[in-house]
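Here's the structure, in structure tokens; my notes come after.
In UniProt numbering, the protein residues as written are 1 to 453.
Printed below as a string of structure tokens:
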């Protein structure tokens, strides 16, 4: 005996999906692939005895399946809305427990305790937004039918060797929508991109990132991709200009300083074997590209599952495109200013020392094996204080090698916070963006790993 179902669809849902012999009449809210899934041979409706129902019954069952999907979507949305306050209450309780444990030291000063509490509150607001976004993303991914095959087929296939074809090949090989870092490590093109992004000589790195930024901004620039570009560029600058350059400087000074107080660092030291022209191009080019990308954020669009509303939390309400990236960019500007001051100071010091050496050049003293004059007379000539205006009269003789080496390395090492933003999970939480990538047609789509075979 047939029983009446306990749940009756709302009238507006029934009106949105009337029973029709045409499966194309199903509502759009049911998802772009709901009709295909409903009437496909592999769907659950294929288990019905269609020979007994007939063709018209099958079409009517497809309409009923689409209506059921719509109703199910509405039920899940209502359940998510009901669960959100409970979820927030639980997260806030956990936050208070963490705050109490963080400031439990009785000897901790009151200002330090307040600062720690503010930092936890700031991070926790972003975490709550991320949790809500993840819950809605999971539901949207299930109901909208945005599967891997569908995302991979979006866009028109470009003509071979056309500019759009080269753009699609370039972006998919470095920013794919269906490969994690482990999948990219197996791709030889990934290592080619990594090599170009790390070589700072002759403007190679700046040229590479200029092409990448041009391709990203070429068609509907995505917010997540622009943020990733900034973080990736500053991260590679931290590695190549900070870590690698620091190791190279230590190794170079180890080989140019000799026993007995003699050295040849003014000829073959790390500062003098450095091509200052190309390194200056790399430094200024990196700074310029980062700020061009940051300014372009205001014209970016969103291609992810769910865009975080600016009024989700008080923190998110005050955040613009890129989340906390704005504060990081202000920090980068401050770091450049401090590095410039350090560069000027070191250049002035080197100019003064060079001027004193010129004054003491006539002083008698033995020459060491490396060619540097040493002895008590030269040491005495370097000891007396000199006037600050003396080296300024000889600006054409200033040597900027050592000042540029340490100024650039100092600025690169200060880019450490950008590496923190690169970490998985923290990236999404702190920048308020969702992961995207490019398919083989050059379309920016939601990040979606292929199904496990």
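Cβ coordinates follow ideal geometry from the N, Cα and C atoms, glycine included.
No experiment lies behind these values; they were computed from the predicted model shown.
Exercise for the section: Report the three-state DSSP secondary structure of residue 172 (helix, strand or coil). Expected result: helix
Practice task
Evaluate the contact criterion for the stretch 219-231 versus the stretch 433-451: three or more CB pairs, one atom per stretch, below 8 Å.
Solution key: yes
Exercise for the section: From the DSSP output, in three-state form, read off residue 438 for me. Expected result: Residue 438: strand per DSSP, three-state reduction.
Practice task
May I have the straight-line CA-CA distance separating residue 341 from residue 109, to the nearest angstrom?
Solution key: 33 Å
Exercise for the section: Taking only the alpha-carbon atoms, compute the straight-line gap between residue 408 and residue 399 and give it to the nearest angstrom. Expected result: 15 Å
Problem - At least three beta-carbon pairs within less than 8 Å, the stretch 226-240 to the stretch 201-212 - result: yes
Handout entry: Distance, residue 91 Cα to residue 154 Cα
Key = 38 Å
Handout entry: Residue burial classification, residue 439 (beta-carbon count within 10 angstroms, cutoff 16)
Key = buried
Exercise for the section: Keeping to the same chain, check which residues put their C-beta closer than 7 Å to that of residue 215; ignore five residues upstream and five downstream. Expected result: 167, 170 and 171
Practice task
Would you mind stating whether residue 293 and residue 196 have Cβ atoms separated by less than 7 Å?
Solution key: no
Problem - Own chain, CB closer than 7 Å to residue 256, minus 5 neighbours either side, in chain order - result: 263, 264, 265, 268 and 269
Problem - CB contact flag (residue 117, residue 89, <7 Å) - result: Residue 89 sits away from residue 117, with the two beta carbons spaced by 7 Å or more.
Handout entry: Range of the contiguous alpha helix (DSSP H) that encloses residue 250
Key = 245-256
Problem - As assigned by DSSP and simplified to three states, the class of residue 276 - result: helix
Practice task
Note down, in chain order, each residue of its chain lying with its Cβ closer than 6 Å to the Cβ of residue 152, except the 5 sequence neighbours on either side.
Solution key: 439
Problem - residue 194, enclosing alpha helix (DSSP H) - first and last residue - result: 188-198
Handout entry: Closest Cα partner of residue 451 within the set 97, 79, 180 and 161
Key = 180
Problem - Per DSSP, the bridge partner or partners of residue 157 - result: Within the DSSP bridge table, the entry for residue 157 names no partner.
Practice task
Can you have a look at residue 298 and say buried or exposed, based on whether 16 or more other CB atoms are within 10 angstroms of its CB?
Solution key: Its Cβ having fewer than 16 others within 10 Å, residue 298 is exposed.
Problem - Chain-order list of residues whose beta-carbon lies under 7 Å from that of residue 419 (same chain, five-residue window excluded) - result: Taking residue 419 as the centre and dropping the five residues before and after it, the same chain places the C-beta of 235 and 238 closer than 7 Å to its C-beta, in chain order.
Handout entry: DSSP bridge partner residues for residue 301 (one or two, in chain order)
Key = 222
Problem - residue 446 in three-state terms, based on DSSP - result: Residue 446 falls in the strand class under three-state DSSP.
Problem - Expected contact under 8 Å - CB spacing of residue 174 and residue 193 to nearest Å - result: 5 Å
Handout entry: Continuous alpha helix (DSSP H) stretch holding residue 266: start and end
Key = Residue 266 -> alpha helix (DSSP H) spans 265-268.
Handout entry: Where residue 325 sits in the DSSP three-state scheme
Key = Look at residue 325 here: in three-state DSSP terms it is helix.
Exercise for the section: Under 8 Å by Cβ, that's how I've got residue 275 and residue 201 pegged, so tell me the actual separation to the nearest angstrom. Expected result: 7 Å
Exercise for the section: Consider the C-beta atom of residue 299 and the heavy atoms of the ligand HEM; say whether any pair is separated by less than 6 Å. Expected result: Of ligands this structure carries none, so the ligand HEM is not represented either.
Exercise for the section: Decide if residue 345 is buried, meaning its Cβ has at least 16 other Cβ atoms within 10 Å, or exposed. Expected result: exposed
Exercise for the section: With DSSP as the reference, label residue 105 as helix, strand or coil. Expected result: Residue 105 falls in the coil class under three-state DSSP.
Problem - Length of the line joining the Cα atoms of residue 190 and residue 241 - result: 21 Å
Handout entry: 7 Å CB neighbourhood of residue 287 in its chain, flanking five on each side removed
Key = 336
Exercise for the section: Classify residue 176 as buried or exposed, calling it buried when 16 or more other Cβ atoms lie within 10 Å of its own Cβ. Expected result: buried
Exercise for the section: Please classify residue 451: does DSSP put it in a helix, a strand, or coil? Expected result: DSSP places residue 451 in the coil class of the three-state scheme, outside both helix and strand.
Problem - Same chain, Cβ closer than 8 Å to residue 389, neighbours up to 5 away in sequence not counted - result: For residue 389, the pLDDT reaches just 48, beneath the cut-off of 50, and the residue's location in the model is therefore unreliable, leaving the point undetermined.
Handout entry: residue 259 - DSSP class collapsed to helix/strand/coil
Key = coil
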